[in-house]
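Residue numbering for the sequence shown follows our numbering, starting at 29 and increasing by one per position.
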Amino acid sequence: MLFSITSLSAQVISSAPLSLDEAINRALESNFGIRTAHLRTEASATSNSWGAAGALPNLSTFVTGSTSVSDQTENPTSFIQEKFETDGINAGVNFNWTLFNGMGMFTSKSRLDLLESQSEGQATLIIEQTVEAVDRTYHNVLLQTELLSVLAESMSLSRQRLNEIKLSESYGAAGTFDRLQFENAILADSTSWLQQGVAVKSAFRNLNLLMGDAESFLWTLTDKLVSPPDLPSSTDISRSVLLDNTSLQNALLSESISQNGVKQAQTFLYPVLGLNASFSNAFSKFSSEEADLEASGRSVNTSALLTLNFNLLNGGATRRSISLAKIQADIAVLDVENTRYQVSSIANNAYDRYTLGASVHGLCVQATRNATTSLEIAENSYKNGVINALDYRALEVALQRARVNELSALLLWRGAYVEVQRLMGALRAPLMAE
């Protein structure tokens, strides 16, 4: 058992160093969700062009070659009973341009701009969630490692007491009961230590999953589990959330896209003016070897058409499309109001947890100090025979519990701080400010 404990400690110590900023950068570079979001943003940017909106003309060219043979040698009705060959080639250019379609091309371009912004907003949301998850997981590793140290300190203290009792027992100054109590304490702490070692490995595994690294890789975390910085007032936080929250910004973009859909549906109420132009150059050659005939010809055609199309009646399809688009726009407005209410409520709850976490952590720190002082006093009392081994062990367990509560309160406090930062839109940068 001691060998396994020593091996685990050496494995953690010999691992590579990793700071919180480095962990966030690794996650942003290799996280599959972020990489997918960036590709979708790139696809939206590629689609966002005036050509895709239908505002640019289309120019095409064509070349056609033909060969035909007409055998009239056995046709009594033919005026010339010979075998004729005809070769021809036709080349040309077609030009099409929509000059006006009820401002539909500009509406389409505006929609493409909004869709690109929406893709960027979705990518930003994933980045914020990833940064928050990495921060939470990183500090959870610190917490689990600290809990491992707490149990190690407790085992060391119990082992020290056990050695003292064994020495006293050899002189007849201590009984078997006290020795058994401290041996049981060491066994209980060793069991908890081994279980906590598994919890540390699991925490590292979750961190590696976020960073895209091998599950079994261990790190030496260089940042410390410390108290989070102060936050602005609740009023300032609420103002920042309503201005910069990513989820709310995405909802506003969705509303703009819905309003754009109404404009697109209304473009079908207007006529479409188009320009069509073409140019072709055809060359043909006619020949007959038996009749010793040969002739060639050329035909050049140029045309330009200005077309005006207006939909007079389509069974009310245009009006229905406009009505449906307006309904979708109304739904988007309600979604914005709902999102605004939700993010404001979540931010207030997170701020309350932050202030509560600060208070609870302060109480837990004081409880740890009291438990430490009580255990220090109990050492002399135990040596003087004022308290027995059971009382001493109870104070030792109380110190363990106080340290665990202090570390857990600190992690919850930190989690509330990071959540408020995310809701305020402060996690959009690749590196999160401390």
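Beta carbons are placed, not taken as given, at the ideal position from N, Cα and C, and that holds for glycine.
Exclusion of the five residues before and after TRP78 leaves LEU84, LYS137 as the residues of its chain whose Cβ lies within less than 7 Å of its Cβ. When C-beta atoms of the region 413-427 are compared with those of the region 358-369, fewer than three pairs fall below 8 Å, so the two segments do not count as touching. For THR89, the secondary structure class from DSSP, reduced to helix, strand or coil, is strand. Of the residues assessed, LEU271 falls on the exposed side of the cut-off, its CB having fewer than 16 other CB atoms within 10 angstroms. Annotation: LEU56 is outside any beta strand (DSSP E); the continuous alpha helix (DSSP H) that includes it extends over 48-58.
Taking the C-beta atoms as reference points, LEU301 is found no nearer than 9 Å to LEU340. In the three-state reduction of the DSSP assignment, GLU243 falls in the coil class, being assigned neither a helical nor a strand state.
Here LEU175 has GLN224, VAL432, LEU435 as same chain residues with Cβ atoms under 7 Å from its own Cβ, once five neighbours each way along the sequence are excluded. For GLU113, same chain residues with a beta-carbon under 6 Å away, outside a window of 5 residues either side, are VAL97, SER315 in chain order. In this chain, the alpha helix (DSSP H) harbouring ARG267 covers 262-272. In the assembly as shown, ALA231 is a buried residue. Its beta-carbon has 16 or more other beta-carbons within 10 Å.
In the structure shown, ILE415 adopts coil according to DSSP, grouped into three states.
DSSP places LEU455 in the coil class of the three-state scheme, outside both helix and strand. Restricting attention to SER255, GLU181, GLU283, ASN236, the CA atom closest to the CA of LEU246 is found in ASN236. Here VAL328 has ASN309 as same chain residues with Cβ atoms under 6 Å from its own Cβ, once five neighbours each way along the sequence are excluded. Looking from the CA of ASN288, the closest CA among GLY61, PHE338, ASN304, LEU352 belongs to LEU352.
Around the beta-carbon of ALA345, fewer than 16 other beta-carbon atoms lie within 10 Å, marking it exposed. When C-beta atoms of the region 70-77 are compared with those of the region 246-264, fewer than three pairs fall below 8 Å, so the two segments do not count as touching. For ALA80, the closest C-alpha among the options THR95, VAL91, ILE405, LEU143 is that of LEU143.
Shortest Cα-Cα distance from TYR298 to any of ILE154, GLY130, SER284, THR248 involves GLY130. According to the DSSP secondary-structure assignment, LEU438 is paired through a beta bridge with no residue.
Beta bridge pairing from DSSP links ILE117 with GLY93, PHE311.
DSSP places PHE128 in the strand class (E or B) of the three-state scheme. A straight line joining the alpha-carbon of THR248 with that of LEU238 spans about 17 Å. The three-state reading of DSSP puts SER306 in strand, counting E and B together. Under the three-state reduction of DSSP output, ALA81 falls in the coil class, being neither helix nor strand. Less than 9 Å separates the beta-carbon of ARG326 from that of SER312. Sequence-distant Cβ neighbours of GLY93 in its own chain, meaning closer than 6 Å and more than five residues away, are ILE117.
Counting other Cβ atoms within 10 Å of its Cβ, GLY385 reaches 16 or more and is therefore classed as buried.
Three or more beta-carbon pairs separated by less than 8 Å link the region 42-60 to the region 162-170, which places the two stretches in contact.
Between ALA406 and ASP419, the CB-CB gap stays under 9 Å. When C-alpha distances from ALA395 are compared across ARG348, LYS111, ARG429, GLU156, the shortest belongs to ARG429.
As far as DSSP is concerned, PRO256 takes part in no beta bridge. Between the C-alpha atoms of ASN408 and ASP251 there is a straight-line separation of about 37 Å.
By the Cβ-count criterion, ASN59 is buried, with 16 or more other Cβ atoms from all chains shown falling within 10 Å of its own Cβ. The beta carbons of ILE214 and ARG187 sit about 6 Å from each other, so the pair counts as a contact at 8 Å.
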